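J.: Residues in the sequence shown are numbered from 2 upward in steps of one, following this note's numbering.
Before I ask anything, let me first share the structure, which is written out below as structure tokens.
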Amino acid sequence: MLTDYRVRQRDHLLEISRALTAQLDLDELLAIVLEAAAEMLSGQASLVALRDTEDGRFEIAASHGLPQALVPYFEPLLSDIPDYSDRSRFRIPGLAEKLGRVVTELALRLEQVVALPMAIGNELIGLLYVFRAYGTRFTANDRQVLASFADQAAIAVYNAQLYERVSQEKRRLDAILEYSADGVLILDSAQRIRVFNRALSRLTGWYSPEVLGRRHDEVIRWAHLETDRNLSDAAAGGWPLPSARPLYVEGDLRRRNGGTVSVGIIYAPLFGQGGRLVNIIANVRDITRFREADEIKSTFVSIISHELKTPVALIQGYAETLLRKDARWDPRTRQESLQVILEESDRLNHLIDDLLDASRLEAGKLPLEQEEIAMDSLAQRVAERFRVHANTHEIRVDFPEAFPIVWGDPIRMEQVLNNLLSNAIKYSPRGGTIEVRGRAAPDEVIVTVADEGVGIPFEEQPHVFESFFRGSREYQQQTSGAGLGLYLAQAIVEAHGGRIWVDSDPGAGAAFSFAIPRR
Ligand code: ADP
């Protein structure tokens with residue numbers, strides 16, 4: 002009879018231990034442990050307390066057969082836990098009395114308790130308690146049965162905790178990857194995409210579900226490659242770069258729906274045991290801004306050298322001619338030559354001033370010397386000066402009576418009007434009417450300079466206020482200019498708390514307006 006019972010018990014234990022090792026979810030695992038422990042010792046309730054890995058304290062992790070609300074009252078049973086060295090000597094002092102106090106307070110009927118250590122080697126990771134409502138005390142055999150079960154449970158709990166920590170770590174890593182400001186791409190050894198984060202979706206226009214499982218080269222397609230190697234070369238037949246050095250690739254990536262984006266990608270190989278390539282981790286960085294900065298630098302040099310060369314060449318040519326000892330110049334030719342020299346020096350001066358302003362702006366703000374400005378009479382004055390030179394253009398000024406006075410820097414305001422008017426003339430080669438209009442709104446005054454010239458193509462309109470931007474059409478390329486006029490006009494208007502914008506029908510003229518707040 003007794004052996005029969007033992008055999009059954011052993012088989013049962015085996016079955017449970019299989020269930021334990023298969024379970025990685027800690028809560029589910031604890032539920033199995035508690036139920037099995039209670040059943041094995043014919044108990045009515047059971048508890049598991051686990052040791053916190055950080056502070057070493059024990060806390061009740063799960064219970065069986067006890068109303069949830071009463072579980073915290075069992076905490077006194079977790080005090081006075083002795084240091085653990087060896088299972089046979091492990092006893093919690095006064096445990097039966099502690100239980101007595103708890104159940105009296107709660108009016109519960111639990112009379113017997115046994116507590117077994119859950120240990121791995123010498124490390125105590127938890128405690129397993131079984132309670133009986135009445136009847137016989139726990140025997141040495143009971144303790145023994147529970148002891149080997151507690152050992153099994155300890156290993157399973159330890160694994161589940163480890164698994165939970167690893168999954169938590171993975172979730173954290175996933176979140177970091179997903180929200181990283183740089184694009185992150187993880188490939189398997191066959192160069193299939195396994196991770197494709199948000200930043201990369203933004204860069205490429207592909208969404209993660211569309212590309213997972215696809216090959217790297219189907220998604221990362223280069224419109225233009227700066228570096229002489231790409232991933233396919235590098236990874237062909239293994240990672241040939243010495244000592245598994247990362248590979249850096251730079252160029253223009255083709256976006257999903259046309260268009261390109263400049264990126265730099267670092268591919269880092271990740272090797273597993275035996276030096277086998279497991280993953281390739283790629284960090285994708287948007288380098289458009291660096292590229293732009295580079296481009297601005299080179300446009301700057303080419304525009305400036307062109308803009309400086311023309312007047313200098315003219316001045317030099319005329320001055321040399323005038324200086325020739327073998328020729329005598331009639332007063333008219335002399336006068337005209339000197340006039341050219343003067344005008345070209347003016348142009349140079351202007352350009353130098355603009356460049357100085359632009360570099361001041363780069364360094365900070367434009368200083369303003371503000372006073373009251375009557376925009377209408379300022380516009381009249383500037384227009385008058387332009388009328389002297391412009392004989393194919395009619396320049397009209399139209400401001401309503403009693404135009405409000407604004408607060409600003411008159412020299413800078415004049416510079417804005419100058420730039421807008423000179424553009425209006427420069428970009429209407431066939432002449433026409435140029436109108437300078439003023440309008441008073443409740444909070445601001447608005448000044449518009451409108452011409453009937455070549456206008457601005459829609460795709461260029463958003464860029465005309467950028468520094469060194471010049472129109473792409475042939476006509477604009479032939480006119481002189483450094484692409485600074487509108488950039489400075491915008492900076493000046495914004496320094497006054499205002500705004501500037503353009504309306505243009507390509508081919509039919511342009512109207513530039515700016516608004517300055519009223520006081
Ligand atoms: P720049 O005249 O020296 O090129 P701006 O900054 O004054 O520089 O103007 C930038 C560009 O904006 C010009 O190259 C031209 O393409 C365009 N633009 C400016 N004003 C006008 C206008 N009134 N009509 C047509 N295009 C204009």
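Note that the Cβ used here is the ideal one computed from N, Cα and C, for glycine as well.
Computed from a predicted structure; not experimentally measured.
Terminal residues of the continuous alpha helix (DSSP H) containing residue 465?
T.: Mapped onto the sequence shown, residue 465 falls at position 464. Run containing residue 465: none; DSSP gives neither H nor E here.
J.: From residue 471 to residue 465, what distance separates their C-alpha atoms?
T.: Residue numbering aside, residue 471 sits at position 470 when the sequence shown is read from its first letter. Residue numbering aside, residue 465 sits at position 464 when the sequence shown is read from its first letter. When rounded, the distance between both Cα atoms is 7 Å.
J.: Within the continuous beta strand (DSSP E) that includes residue 338, where are the two ends?
T.: For the purposes of this step, residue 338 is taken as the residue at position 337 of the sequence shown. Per DSSP, residue 338 belongs to no beta strand (DSSP E); it is in the alpha helix (DSSP H), 332–364.
J.: Straight-line CA distance for residue 524 to residue 199?
T.: Outside the displayed range of the chain (2 to 520) lies residue 524, so it cannot be described from this structure.
J.: Under 8 Å, do residue 297 and residue 284 count as touching if we go by C-beta distance?
T.: The count along the sequence shown starts at 1 and reaches residue 297 at position 296. The count along the sequence shown starts at 1 and reaches residue 284 at position 283. Going by C-beta atoms, residue 297 is not nearer than 8 Å to residue 284.
J.: Out of curiosity, what's the CA-to-CA distance linking residue 441 and residue 450?
T.: For the purposes of this step, residue 441 is taken as residue 440 along the sequence shown, with counting starting at 1. For the purposes of this step, residue 450 is taken as residue 449 along the sequence shown, with counting starting at 1. Cα to Cα, residue 441 sits roughly 15 Å from residue 450.
J.: Provide the residue span of the alpha helix (DSSP H) that contains residue 307, from first to last.
T.: As a first step, residue 307 must be located in the sequence shown, where it is residue number 306. Start and end: 289–324.
J.: Cβ of residue 455 within 7 Å of any heavy atom in the ligand ADP?
T.: As a working mapping, residue 455 is identified with position 454 in the sequence shown. True, at least one ligand heavy atom lies under 7 Å from that Cβ.
J.: Do you know offhand how far residue 27's Cα is from residue 196's?
T.: By one-based count along the sequence shown, residue 27 stands at place 26. By one-based count along the sequence shown, residue 196 stands at place 195. Their Cα atoms are separated by approximately 28 Å.
J.: So, at 7 Å on beta carbons, what are the nonlocal neighbours of residue 238 in its own chain, with the 5 sequence-adjacent residues on each side left out?
T.: Locating residue 238 in the sequence shown gives position 237, where the first residue counts as 1. In this predicted model, residue 238 has a pLDDT of only 47, less than 50, meaning its place in the structure is not dependable; the value taken from the coordinates is given anyway. Once the five neighbours on either side are set aside, residue 238 has no close Cβ partner at all.
J.: Answer yes or no: the CB of residue 486 versus the heavy atoms of the ligand ADP, is any distance below 7 Å?
T.: In the sequence shown, the residue the question calls residue 486 occupies position 485. Answer for residue 486: yes, Cβ within range of the ligand ADP.
J.: Give every residue of the same chain whose Cβ lies closer than 8 Å to the Cβ of residue 369, excluding the five residues on either side of it in the sequence, and list them in chain order.
T.: Within the sequence shown, residue 369 is the residue found at index 368, counting from 1. 409, 410, 413, 496, 497.
J.: By the DSSP assignment, the beta strand (DSSP E) with residue 269 in it spans what residues?
T.: In the sequence shown, counting from the first residue as 1, residue 269 sits at position 268. That run of the beta strand (DSSP E) goes 261–272.
J.: Would the C-beta of residue 172 count as close to the ligand ADP, meaning under 7 Å from any of its heavy atoms?
T.: Position 171 of the sequence shown, counted from the start, is the residue given in the question as residue 172. Result no, Cβ not under 7 Å from the ligand ADP.
J.: Keeping to the same chain, check which residues put their C-beta closer than 8 Å to that of residue 429; ignore five residues upstream and five downstream.
T.: Here the question's residue 429 lines up with position 428 in the sequence shown. So the list reads 394, 435, 452, 453, 454, 455, 510, once near-sequence residues are dropped.
J.: Quick one: give me the first and last residue of the beta strand (DSSP E) that residue 118 is part of.
T.: Translated into the one-based positions of the sequence shown, residue 118 becomes position 117. First-last of the beta strand (DSSP E) with residue 118: 113–121.
J.: Taking only three categories from DSSP, how would you classify residue 9?
T.: Here residue 9 refers to the residue found at position 8 when the sequence shown is read from its first residue. The answer is helix: DSSP assigns residue 9 an H, G or I state.
J.: Taking just the CA atoms, how far does residue 287 sit from residue 227?
T.: For this step, residue 227 is matched to residue 226 along the sequence shown. For this step, residue 287 is matched to residue 286 along the sequence shown. Roughly 14 Å separates the two Cα atoms.
J.: Kindly examine the ligand ADP and report whether one of its heavy atoms sits closer than 7 Å to the Cβ of residue 511.
T.: On the sequence shown, position 510 is the one that residue 511 refers to. The answer is yes for residue 511.
J.: To the nearest angstrom, report how far apart residue 274 and residue 159 are at their CA atoms.
T.: Here residue 274 refers to the residue found at position 273 of the sequence shown. Here residue 159 refers to the residue found at position 158 of the sequence shown. Between residue 274 and residue 159, the C-alpha separation is close to 25 Å.
J.: Run the CB neighbour count on residue 486, radius 10 Å, all protein chains shown included, and call it buried at 16 or more, exposed below.
T.: Taking the sequence shown and counting its residues from 1, one reaches residue 486 at position 485. Looking at its Cβ environment, which holds 16 or more other Cβ atoms inside 10 Å, residue 486 is buried.
J.: Taking the alpha-carbon positions, what's the residue 182 to residue 270 distance?
T.: Numbered from 1 along the sequence shown, position 181 holds the residue referred to as residue 182. Numbered from 1 along the sequence shown, position 269 holds the residue referred to as residue 270. Approximately 21 Å, taken between the alpha carbons.
J.: When every heavy atom of the ligand ADP is checked, does at least one fall within less than 7 Å of the C-beta of residue 472?
T.: Looking up residue 472 in the sequence shown gives position 471. True, at least one ligand heavy atom lies under 7 Å from that Cβ.
J.: Assign residue 368 to one of three DSSP states: helix, strand, or coil.
T.: By one-based count along the sequence shown, residue 368 stands at place 367. Residue 368: coil per DSSP, three-state reduction.
J.: Just to confirm the assignment, what range does the alpha helix (DSSP H) spanning residue 399 have?
T.: As a position in the sequence shown, residue 399 is number 398, starting the count at 1. Unbroken run through residue 399 is the beta strand (DSSP E), 394–399; no alpha helix (DSSP H).
J.: Residue 335 and residue 444 - do their beta-carbons sit closer together than 8 Å?
T.: Here residue 444 is taken as the residue at index 443 of the sequence shown, counted from 1. Here residue 335 is taken as the residue at index 334 of the sequence shown, counted from 1. It is not a contact, given that the beta carbons lie outside the stated cut-off.
J.: How is the alpha helix (DSSP H) around residue 138 delimited, first residue to last?
T.: Translated into the one-based positions of the sequence shown, residue 138 becomes position 137. Neither: residue 138 is in no alpha helix (DSSP H) and is coded neither H nor E.
J.: For residue 61, which residues of its own chain have a beta-carbon under 8 Å away from its beta-carbon, when the five flanking residues on both sides are left out?
T.: Indexing the sequence shown from 1 puts residue 61 at position 60. Only 48, 49, 50, 72, 73, 75, 76, 79 meet the Cβ criterion.
J.: Could you say which of 280, 292, 282 lies nearest to residue 252 if we only look at CA atoms?
T.: Here residue 252 is taken as the residue at index 251 of the sequence shown, counted from 1. Residue 292 is the option with its Cα nearest to residue 252.
J.: For residue 111 and residue 144, I'd like the C-alpha separation in whole angstroms.
T.: One-based indexing of the sequence shown puts residue 111 at position 110. One-based indexing of the sequence shown puts residue 144 at position 143. The alpha-carbon atoms of residue 111 and residue 144 are separated by roughly 18 Å.
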